[in-house]
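Undergrad: If you read the sequence shown in this note's numbering, its first letter stands for residue 32, the second for the next number, and so on.
We put the beta carbon where it would ideally sit given N, CA and C, even for glycine.
Attaching a single structure in structure tokens format; questions to follow.
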Amino acid sequence: MAVMARISRLSFTPHGGPSARDYWGWNKEVQFLANRGYAVFQPNFRGSTGYGTRLYTAGFREWGGKMQNDITDGVKHLIAEGIVDAGRVGIYGASYGGYATMAGLCFTPELYRCGINYVGVTDIDLILKEYPLPKKINDAIDAVMIADRKKDKDWIKNRSIQNNIGNVKAPVLMAYGMDDWRVPPKHGRILKRALDRNNIPNKLIIKANEGHGYRNEDNVFEFYREVDAFLEEYMK
């Protein structure tokens, strides 16, 4: 994790993957948020790479479960230590981190003031069904690491974001790329419909000619202006 100072506002950024990790070193998003006066927390929760097989495999089939518990425990520890104000914690993540963002808002709504979901998975069944790998390979990997579509239907339903939106209390900013083959923008549209039905303030951005994360400079600057304004409004 990276906490810049004993300041009251915390921006929590779970990494994507989840077969990935955060590193010490330069990170443009961390610097952007720190520049705006936020402490930034980046835990390497169960399922992260780089810390051995035991930690990595401990995240298998734990979307919205023990992986999320690690995130929750970390935030609660920072609050208990007096590093951040319990009422001024926001969560922001991309890809799997976008799922973790929404899981935080769904399963621990008391913790977060707002959430930013950047190209995040919302419908687990959809990502299992449509991920562009040969079907036999995809199904075998998913059954070990995430869930089996045939055997785990209840699990998938219970851990998918759109089925838990009734718990959400915080506003949500969402951003997707029209050409994203990893997490297509239909995930954002499904989420927006669910948020609208529950009268949760939200904004959905979908950019043409963008994939899994924005590359066009104009879109990048626009996205971070939206992030800045969103956090300024809801993290006061």
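Once you ignore the five residues that flank ARG213 on each side, which residues in its own chain have a CB closer than 6 angstroms to its CB?
TA: Cβ neighbours of ARG213 beyond the five flanking positions: HIS243.
Undergrad: Which residues does DSSP list as the beta-bridge partners of TYR245?
TA: In the DSSP output, where bridge partners are listed per residue, TYR245 has none listed.
Undergrad: Return the residue from the list LYS200, ASP183, VAL61 and ARG85 that minimises the CA-CA distance to ARG144.
TA: Measuring from the Cα of ARG144, the nearest candidate turns out to be LYS200.
Undergrad: How many whole angstroms separate the CB atoms of ILE155 and TRP94, which I take to be in contact at a CB cut-off of 8 angstroms?
TA: 7 angstroms
Undergrad: State the beta-bridge partners of LEU235 as determined by DSSP.
TA: MET205
Undergrad: Going by DSSP in three states, VAL34 sits in which element: helix, strand or coil?
TA: Residue confidence for VAL34 is low, a pLDDT of 26 falling below 50, so the modelled location carries little weight; the figure read from the coordinates is stated next. Three-state result, VAL34: coil.
Undergrad: Could you tell me the boundaries of the beta strand (DSSP E) in which VAL71 lies?
TA: 70-72
Undergrad: Across which residues does DSSP place TYR149 in a beta bridge pair?
TA: ALA125 and ALA206
Undergrad: Do you know whose CA, among GLY90, LEU204 and GLY113, lies nearest GLY124's CA?
TA: LEU204
Undergrad: Around the Cβ of ARG92, are there at least 16 other Cβ atoms within 10 angstroms (buried) or fewer (exposed)?
TA: Around the beta carbon of ARG92, 16 or more other beta carbons sit within 10 angstroms, so the residue counts as buried.
Undergrad: Would you report the Cα separation of GLU263 and LYS182, rounded to the nearest angstrom?
TA: Each residue's alpha carbon lies about 44 angstroms from the other.
Undergrad: According to the neighbour-count rule (16 or more other Cβ atoms, all chains shown, within 10 Å of its Cβ), is ARG37 buried or exposed?
TA: For ARG37, the predicted structure reports a pLDDT of 33, less than 50, and the residue's modelled location is therefore unreliable. A value from the coordinates is still provided. So ARG37 ends up on the exposed side.
Undergrad: Flag this pair as touching only if the stretch 72-84 and the stretch 105-112 have three or more C-beta atom pairs under 8 angstroms; answer yes or no.
TA: yes
Undergrad: Give me the Cβ distance between ASP210 and GLU253, rounded to the nearest whole Å; I'm assuming they're in contact under 8 angstroms.
TA: At roughly 17 angstroms, the Cβ-Cβ gap does not stay under 8 angstroms, so ASP210 and GLU253 are not in contact.
Undergrad: What first and last residue would you give for the alpha helix (DSSP H) that runs through MET266?
TA: Per DSSP, MET266 belongs to no alpha helix (DSSP H) and is neither H nor E.
Undergrad: Quick check on GLN62: buried or exposed, where buried means 16 or more other Cβ atoms within 10 Å of its Cβ?
TA: Answer is exposed; the Cβ neighbour count stays below 16.
Undergrad: Considering only residues of the same chain and omitting the five flanking positions on each side of TYR265, which have a CB-CB separation below 6 angstroms?
TA: ARG144, CYS145 and PRO202
Undergrad: Which word fits PHE261, buried or exposed, when buried means at least 16 other C-beta atoms lie within 10 angstroms of its C-beta?
TA: Buried is the label assigned to PHE261, since at least 16 other Cβ atoms lie within 10 Å of its Cβ.
Undergrad: What does a CB cutoff of less than 6 angstroms around ILE158 pick up in its chain, not counting 5 residues either side in sequence?
TA: Correct list, in chain order: VAL152.
Undergrad: Just curious, the alpha helix (DSSP H) that LYS188 is in, first and last residue?
TA: Here the alpha helix (DSSP H) through LYS188 covers 184-190.
Undergrad: Going by DSSP, what residue range makes up the alpha helix (DSSP H) through PHE91?
TA: First-last for PHE91: undefined, no H or E at that position.
Undergrad: Can you give the beta carbon distance from ASN198 to PRO140, rounded, assuming they're within the 8 angstroms contact cut?
TA: Between ASN198 and PRO140 the beta-carbon gap is near 5 angstroms, inside 8 angstroms, which marks them as a contact.
Undergrad: In this structure, does DSSP put VAL214 in helix, strand or coil?
TA: Secondary structure of VAL214 (DSSP, three-state): coil.
Undergrad: Counting along the chain, where does the alpha helix (DSSP H) carrying GLN99 start and finish?
TA: In the DSSP annotation of this structure, the continuous segment of the alpha helix (DSSP H) that includes GLN99 starts and ends at 97-111.
Undergrad: Ends of the alpha helix (DSSP H) at PHE63?
TA: For PHE63, the enclosing alpha helix (DSSP H) begins and ends at 59-66.
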